[in-house]
Structure formats: structure tokens, C-alpha cells
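Undergrad:
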Amino acid sequence: METALDERQRQIHRTGQQPFELVCNQDSLAGAVSQRACVFCGSRVVLYPIADALHLVHGPIGCAVYTWDIRGALSSGPELHRLSFSTDLQELDVVFGGEKKLHAALLELIDRHQPAAAFVYATCIVGIIGDDLESVCRTVTAERGIPVIPVQSEGFKGNKRAGYTAACNAMARLIGTGDTTGIAPHSINILGDFNLAGEIWLIRDYFSRIGVQVVANVTGDGRVADLQRAHGAALNVVQCSGSTMDLAHLMEEQYGVPSIRVSYFGVEDMAQALYDVAAHFEDAEIMRRTRELVKEELTELLPKLEFYRQKLTGKKAAIYVGGSFKAFSLVKAFRLLGMTVVMVGSQTGTAEEYQELAAITDPGTIIVDDTNPLELSSFLEEKQVDILVGGVKERPIAYKLGVGFCDHNHERKEALAGFHGMLNFAREVHASVMSPVWRFTPRQGVWS
Amino acid sequence: MSKKPNYLATTNACKLCTPLGACLAFKGITGAVPYLHGSQGCATYMRRYIISHFNEPIDIASSSLSEKHAIYGGGPNLKLGLVNVTKKYRPTLIGIATTCLTETIGDDVHQFLQEYHREVKGDKPIMVRVSTPSYRGTHMEGFHDAVTAVVASLTTAEEQAPATPADTAEPATPGAEAPINLMPGLVSPADIRYLKEIFADFQLPATIIPDLSETMDGPAAQTYEKIQPGGTPINAIRAMGHSRASLEFGHGMGKHSAGMLLQERFQVPCRRLPMPMGITASDLFFAELGKLSGRPLPAKHALERGRLVDSYVDGHKYVYGKKAIVYGEEDLVVGLTTLLAEIGVFPVLCASGGKSGQLADAIATATAELLPEPPQVFEDVDFFDIAELAASLEPDLVVGHSKGYSLARRLAIPLLRVGFPIHDRLGGQRVLHLGYRGAQHLFDLVVNAMIAKKQDDSPVGYAYM
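These protein sequences, in sequence, are chains A and B.
For the first sequence, the positions run 15 to 462 when the numbering used here is used.
For the second sequence, the positions run 6 to 470 when the numbering used here is used.
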């Protein structure tokens, strides 16, 4: 395809036309205008929702200011995570080192806000000037008696995925330090849900209804003390595998906590998630309650969805998300609405995930890794897409072309997880696809 | 006057980083692609930040440096990135801004570009580079420095266009038909459109740089434009040395502005005006255009001024003595403070994350005759400082970009959204700030915000003002 650079061709696949082969998990190509961010971004998004921790970005102002109150991650209590803290390094700090400033800033902010812990994020420049974050954090831990944890998230040291690992390593320092008394045998940690628009509350309610205790939210509506005792849970239930799977592996090695992978998006995957958790505990009562819950929710949901299915059947969707695991659920969710997915891609998917996506999508579907505006816009035009699912950076590309859009990224204000989330998703898609405004756009040609 | 806050950590900054400003400025040049020499995250974060305000595509390319480049230097990736951008975007100009990473590892972009020109054959876009480490200055320094860099590179002896196509001899004194250069600073696409209209009404050809009016506020499209149409034409920039005069808004451009450069290099006289916000400052601007064109104020604008004065009278009692907090970029803060002061609002706190050292003087000068006492003015502050200072001031109104929302919400007073960014409302690119028309728009907003507040707070809910 002409729009993609030669070096990028290997990261684009069309299903059914050739044997599956897709290169991924590469550094983004210079000058290709990737939609990806950096290591810092990966760490920041994962740790961000821990609401009673201080999140101090050590570096010049940009990295902190662009992540100020950036996620719709709600808290049921403290909201320290919604503030943006920076050491705001200046030229002299860069020349003489920023450790003293970092130390003083940490003391100032800890005394002011009394957080339960502090995360200190390394940015590009910190990796170059060689500030010893570890040592400063250790000193402040001793001085203030709270965990002060460095996050090795220098922006250039890999892609967003490396940032997930750095975040997991940081959280791993908290886990195992808390008291686990009072944790029930049928207990889990929720990993990889960020409580966007209150989604984790919905999920926690489901688990409570089937009789499973949730120990720690990792990290939506997260609390430091919960993380500290998370090793006491019987099972890690991991969504969004890219971001927290490292932590699950680590907990399995160190504390013997097993894990399962789930998704809370779409009817099938949500039900499957609950059944998998129930099956894990091999408890007839939990399984019975799970069946009841699913039946109850579906009885209410399916008739409501029918209205949207009728309107949306035959419409075409494109998906471009951060991690490709979510894309599976979205493909299924669109099917449930009678829609066809004609393009699916992600910033940081793995080869196995892409292969599986190729297997479950219709022939001719475009599978793409780490795409960019020019490719994305050409896919939208070529496939005559009705709606694109993505994040803020993809939105203007769709809108400019007169294509509908659904925000499935961290800024969304609508809960899309769970059974009720499926209804919200259908409403969102319907509201965009069925809007009368498209008739005025050049693509639909009423005016031209 | 309360003590200046003196905290070490920055909480909720009232500024953005230097390269973001450079990207915005480059985006206002015809056929230009902004390019960040740094790691991938910077470009993506800035795109996201800018998109949330303009709701327009903005493609910012990046060298996407990884660890080995940080150790061995980013030259190869810079050159590869430029080749790839050229291949796919076919730009006429690539505006290269550095980042804290590449400035700190000591990448010599000038040398890399020389290598690029030696190694790469075929048609090449114009390369303009600007040094924008984010540990020095704010987005406004990045913005102004990028404008200066574009003008500086395109008006060198080799680059500049002759005054007339046939002219090969000494540049003649510019005639009446020669354009006026205008460096308006960071203003909205709506402001630029209005400025163009004003120049046209005075029959003055103008070169406005940068020009975001179409590049960041374009129409719905049939096919995706790789580079959005619009922007300051390259040939117009090349000819800026032949213009009759340069006008610059604000004081933030410093000594090394594009206007100053053109004055030194080509003796194009440069005149600095305050941002034309409110009647007093707009009068200065319109008078300057009158002088340059030799024409009286066009009837359309005279009428707009007249209506504005009429509305000031109609609305004066609703705003008199109301206390306002104003924050944002320094030049915008001066402009807003002037406007508020001239309608009878008392700005009590004027704050900026910038630190030019000139904000207090500029505000004192602009408001000397209007205010019973001068407002508190602080540079180099963040929203934690602003909130702390505001606590004892009992303000009625907050005026600035959307990042003051949490402050206004806590104080339970209206936030008047102006400038950049406006992330929690639609249409930031269409907010008009400048001239009589901008003053009219802002005046109506201020008055109605005060009326609405009184109406909402009232147990009665008046049906008339």
C-alpha cells in the first residue's frame, strides 16, 4: 500500500490474503508519526489511579503538565492522583544535577499532602544527567517513614511496554509489606482495570454478588495499603494484559498467587470473566451465584441491546487501541451489534495477539501494529468505515473525514465495562453512527 | 502585597514546555511539518494536548530516539526521520525543534543537517531548526523562537525573494503596496481571521506569521490532507525583508524577535504594540494601521467600536468592582487585565508561569489610570500558588485557560475560558480575543457570567437583569 513507508509494510497484514506474518514490538520508526507515547507514559498511566500516593515527576515541566488530570480514573476517597507534581528542572539543575531539588521537593510535598506512599518518575533527562533516584528515595523513606519508590521510566528506554514493566516493578516493592489477616479464601486482586468512569466499582459489585472478596484494585481507585497486602489474595484476575501481567507473574513467583486473564468488555467476555473466576475456586455456591448474576444481567440487557443491533447491523467499524487484548473484546462486541470490524490495530500488541485477531476477523480485515495518521486515514477511506474506536489522538482523524468515533481510551467519561457498559457502548456507537450530521460532510456528498 | 510564594516543587503548572510552542508556531507555516528531535513520547503528548484544544489533526514527527541513540547520538535517526517525513508528507518546510533529551546529550542539529544535505539527494524541503530544551523557558519562548528561526532562515541572502520578480539590483525602498509584517503571538485561529479582515479593510497587504487560521481550524474534508492547507506562504516569508514595517504584539518576544531581526538585517522598522485587547489597546492598533495605510478607520470598524462603547455603558454596573483573577501567558495576561480594568472589573491577582521580569511593569503601565490600586502580579507561579494567593482575595471571577477550572470550582465562581488550552469546552479555536470585536465578545461573556451567577444564586431567580 502506497501510504505506508516501506519499512512499515511488515507491520500491516490483510487477513486471508497471505499467510499470517506481522512484525511488532519494534521501536517506532523515526519520522513515521507514531501514535505511541513513551516509557514514562506507560508507567504514568498504570500508576496514575493510585489515589492516596504522591506522584512526583522528576524532570522539566512538560512530562508532568501533559499528564495532569489526564485519565478519567475515579477515586472513592482521596484525589491526590489528580494533581500534577514536578521538580520542574531548570538549566542549572541539569548542569549540576537535580538530586538536591528532588529531595527538597519530596519533603515539601510529603509534609504538605501526607500521602501513603510516593512514586518518583524518572524522565528522559534524569537518565542522562544520572541523578540517583534510588538513593534519594531511600533517604526520604527513612526521613518520612513512608514508602518512596523510584519508577525507572526514562522516556527513551524502550516503548510504552517498558513503562508498564517499570510500573510493575515499582508496585512490586509495595506488595508483601502489609498485613494479610482477614482476607477470605475466595479472594482476588483486580489487575488492569483503571476505574475509568467508575468501571471498577461495577466489576467489584459483580464479584461481591458472587461471593468473592476483592483485596486490591490494581490500580483503579487504588490504595497503597491494599497493594501492600495484595499478596494475601488467592487469585490475580488480570485485564489489559500488557500493563499488569508482569506484576501477576512476579506475584506468582514470589507469593505463589496464580493468575487468569480476563476482559470485562462485551457480554461474552464479561460473563466468561466471572465464570473463570468462579471455576477457579471450585465452589458450587459461587458458580450458582455467577449463573444467576449473568442470567439476571442478560435478561435485563439483551432486550435493550436489540434496539441498537437493529439500527447498527451492517455498519463497519475500525479499532485502534493501546493494547491489542482489548481489541478481541471489541471485535466480539461489534459482532453482537451486527457490525463488521474491517480494521483492527494497536500500539503495543504482541505477535500471538495479532495472530489470534487475524484468526477471528473476516477475510480482508486490516491488522496493523503501531500505525500513524496517514495510514490510519487511508484505511478509513479505503474501507468506508462508519466508526473508529480509539483515543483522543485518533479522534480528529476520523472526524475530519466524516467518520464516527467512540472513545475507548483513558479519557472516556462513559463506563464501557461490564454488562451495563455494553449498553453504554451500544449507545455511544449508535449516537455517533446515526447522527444526522454526517450528511453534511464531504464524504457523504450531500453538498458537494 | 502578600509574600511571593516560594515553593520548590511545581504543582499544577501554569506553563507548558518549550518545544510545544515551537510546534504550534511551525504549524502556522504553509506546507510545514513540525518535527521533534527527541524520544517518541514528546511528540505524542504534545499532539494530544493540542488536539484536545483545537479538535484538529496535528501531525508532529519525531526522531523516536531509543536508548542506543541517547548514548551514541541522535544524528542517524534525525536524518532517517527527515527522509521519512519528506517521503510521506512532501512538506515544503520541516520545523525541527529540539527537546531536553537531545539538548542534554549534546546533539549538534546544525551539523546533522549539513550531513543530511550532503548525503540525501533529490528534492528536499527547507529545514528550519530551533533550540527548545524544555528546562529553559516556557512554550511561549519556544513559540517566539520558532517564528524568529523561520524568518531568520528564509530571509538570508540565498533564500530571500526579490521585491519584484525582475529585481536583481539593490533592494529599493518598499513602496506603498509592500506588505506589513505582523507577528501576533499565540492567538486563536479566529483572531487571525479577524486580523486578516482588518488589514484587508485598510487595504494593507500583510504577512501574518504564524497563521493558524486554517491549519488548525479547517473544514471537514473529503480525503485526509497530509498537511492542512493554509499557513503563512513561504514566498511571503522570504519577502519579509522588503516589507514596509513590522508590527509585534506584546513584550514577550524579547530582543531577538523576528521583527527585531528584520529591522537589523533589512532596516524594516519594527513597532511593538500591546496585544490589542479592549478599547484602549485596540485603538492603538487601529491607529497604527491608519498611519500605515493613510486611511481613516473603515466605517465597519468604527461602527463596531461604537457598539462596543454602547454595550460597555449598558453593562457597566454588572461588572464594576468585581474582583478577577487572571492567569496565563504573560502577554495575554496583560491584555486581559487591561480589558478587565477598562470595563470596571478590578483584577486583584495577575499570574503567569512565565518569568520575563516585565509582567508587573507592563500591567502597572496599562492599568495606571484605571485601577484604584494595582493588582498583585506574580511571575513564575503555579496553580498551587495561585490558589493560595486567591484564598484571601474573595474573587468574583477567574479568567484564563481551562486549567483554572478546579480553582474556580473550589471558589464556586465562574471561569471565563480564554487563550490556550481550552480542554473542557468545544471551540477553543474560535474564541475571539482581539480588537473591538474580540473585546465585544469577551465583554458580553464577563457581564453575562456575573449576571448568571447572581441569578443562579438568587432565591428568586429574576426574569430580568
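Just so it is clear, CB atoms sit at the ideal spot from N, CA and C, and this is done for glycine as well.
Using the beta-carbon count (16 or more within 10 Å), is Gln2/A buried or exposed?
TA: One cannot answer for residue 2/A here, as it falls past the ends of chain A, which runs 15 to 462.
Undergrad: Between the alpha carbons of His127/A and Arg218/A, how many angstroms are there, rounded?
TA: About 28 Å.
Undergrad: Run the CB neighbour count on Ile84/A, radius 10 Å, all protein chains shown included, and call it buried at 16 or more, exposed below.
TA: So Ile84/A counts as buried.
Undergrad: Compare the C-alpha of Ile197/A against each of Val229/A, Gln324/A, Ile224/A and Thr191/A and name the closest.
TA: When only C-alpha atoms are compared, the closest one is Val229/A.
Undergrad: Please say whether Val399/A and Cys420/A have beta carbons closer to each other than 8 Å?
TA: Cβ atoms of Cys420/A and Val399/A: not closer than 8 Å.
Undergrad: In or out: Tyr50/B buried (at least 16 other Cβ within 10 Å) or exposed?
TA: Buried is the call here.
Undergrad: Here's the rule: buried if 16 or more other CB atoms are within 10 angstroms of the residue's CB, otherwise exposed. What is Asn11/B?
TA: It is exposed - the Cβ of Asn11/B has fewer than 16 other Cβ atoms within 10 Å.
Undergrad: Is Arg134/B close to chain A? Criterion is C-beta to C-beta, closer than 8 Å.
TA: Not closer than 8 Å to any Cβ of chain A, the Cβ of Arg134/B fails to qualify, so no.
Undergrad: Hey, quick one: how far does the beta strand (DSSP E) through Ile99/B stretch, first residue to last?
TA: Run containing Ile99/B: Leu98 to Thr103, per the beta strand (DSSP E) assignment.
Undergrad: Checking 8 Å against the spacing of the C-beta atoms, do Ala356/B and Val339/B come in under that value?
TA: No; because the gap between Cβ atoms is not below 8 Å, this pair is not in contact.
Undergrad: For Glu320/A, which of Ser446/A, Leu307/A and Leu350/A has the nearest alpha-carbon?
TA: Among Ser446/A, Leu307/A and Leu350/A, the Cα nearest to that of Glu320/A is on Leu350/A.
Undergrad: Quickly, what does DSSP pair Gln227/A with across the bridge? List them, please.
TA: Note: Gln227/A sits in a beta bridge opposite Ser201/A.
Undergrad: Report buried or exposed for Met470/B, applying the criterion of at least 16 other Cβ atoms within 10 angstroms of its Cβ.
TA: Per the 10 Å Cβ criterion, exposed.
Undergrad: Near Lys360/B, which residues of its chain fall below 6 Å by C-beta distance, leaving aside the five closest residues on each side in sequence?
TA: Here the set comprises Glu384 and Asp385.
Undergrad: Can you pull the chain C neighbours of Asn82/B, defined as C-beta to C-beta under 8 Å?
TA: Chain labels in this structure do not include chain C; the protein chains are A and B.
Undergrad: Quick one, which of Gly363/A, Ala184/A and Val60/A has its alpha-carbon nearest Gly86/A's?
TA: The shortest Cα separation from Gly86/A among Gly363/A, Ala184/A and Val60/A belongs to Val60/A.
Undergrad: Are there any heavy atoms of the ligand NAD lying less than 7 Å away from the beta-carbon of Leu420/B, as far as the coordinates show?
TA: The model depicted lacks the ligand NAD and carries no ligand whatsoever.
Undergrad: State the Cα-Cα distance for the pair Ala226/B and Asp384/A, rounded to the nearest angstrom.
TA: Spanning the two alpha carbons is a distance of roughly 24 Å.
Undergrad: Do Pro4/B and Val152/B have their C-beta atoms within less than 8 Å of each other?
TA: Outside the shown range of chain B, which is 6 to 470, sits residue 4/B, and nothing can be said about it.
Undergrad: May I have the straight-line CA-CA distance separating Leu116/A from Ser149/A, to the nearest angstrom?
TA: Going from the Cα of Leu116/A to the Cα of Ser149/A covers about 11 Å.
Undergrad: In terms of residue numbering, what span does the alpha helix (DSSP H) encompassing Asp383/A cover?
TA: Premise fails: Asp383/A lies in the beta strand (DSSP E), Ile380 to Asp383, not in any alpha helix (DSSP H).
Undergrad: For Phe254/B, is the classification buried or exposed, using 16 other Cβ atoms within 10 angstroms of its Cβ as the cut-off for buried?
TA: Buried: at least 16 other Cβ atoms inside 10 Å.
Undergrad: Put Glu108/B into one of helix, strand or coil per three-state DSSP.
TA: In the structure shown, Glu108/B sits in a helix (DSSP, three-state: H, G or I).
Undergrad: Quick check: Ser391/A and Ile411/A, are their CB atoms within less than 8 Å of each other?
TA: Cβ atoms of Ser391/A and Ile411/A: closer than 8 Å.
Undergrad: What residue does the beta strand (DSSP E) around Arg52/B start on, and which one ends it?
TA: Note, Arg52/B: premise wrong, no beta strand (DSSP E); alpha helix (DSSP H) at Gln45 to Phe59.
Undergrad: Quick one, are the C-beta atoms of Cys22/B and Ser139/B less than 8 Å apart?
TA: Yes, Cβ-Cβ distance for Cys22/B and Ser139/B is below 8 Å.
Undergrad: Just to confirm before moving on: does the CB-CB distance between Pro301/B and Arg249/B stay below 8 Å?
TA: Against a cut-off of 8 Å, the Cβ pair of Arg249/B and Pro301/B comes out as no contact.
Undergrad: Using a beta-carbon distance cut-off of less than 9 Å, what residues from the region 384 to 418 of chain A approach chain B?
TA: Against chain B - using a Cβ distance shorter than 9 Å - the residues of the region 384 to 418 of chain A are Asn386, Pro387, Leu388, Leu390, Ser391, Ser392, Leu394, Glu395, Gly405, Val406, Lys407, Arg409, Pro410, Ile411, Tyr413, Lys414, Leu415 and Gly416.
Undergrad: CA-CA distance, Thr155/A and Val162/A?
TA: Approximately 5 Å, taken between the alpha carbons.
Undergrad: Can you tell me whether Ala437/A is buried or exposed? The criterion is at least 16 other CB atoms within 10 Å of its CB, across all chains shown.
TA: The sequence given here has Leu at residue 437/A, not Ala. With 16 or more Cβ atoms within 10 Å of its Cβ, Leu437/A is classed as buried.
Undergrad: Nearest chain B C-beta to Leu97/A closer than 8 Å, yes or no?
TA: So yes, Leu97/A belongs to the interface.
Undergrad: Relative to the C-alpha of Tyr269/A, which candidate in Leu88/A, Arg275/A and Leu261/A has its C-alpha closest?
TA: Nearest of Leu88/A, Arg275/A and Leu261/A to Tyr269/A, Cα basis: Leu261/A.
Undergrad: Would the beta-carbon of Ser201/A fall within 8 Å of that of Ala239/A?
TA: The answer is no: Cβ separation not under 8 Å.
Undergrad: Where do the ends of the alpha helix (DSSP H) carrying Phe117/B lie?
TA: Phe117/B -> alpha helix (DSSP H) spans Val114 to Glu124.
Undergrad: Look at Ala131/A and Phe99/A and say whether their C-beta atoms are less than 8 Å apart.
TA: No, Cβ-Cβ distance for Ala131/A and Phe99/A is not below 8 Å.
Undergrad: What's the C-alpha gap between Val318/B and Glu61/B?
TA: Distance between the alpha carbons of Val318/B and Glu61/B is about 38 Å.
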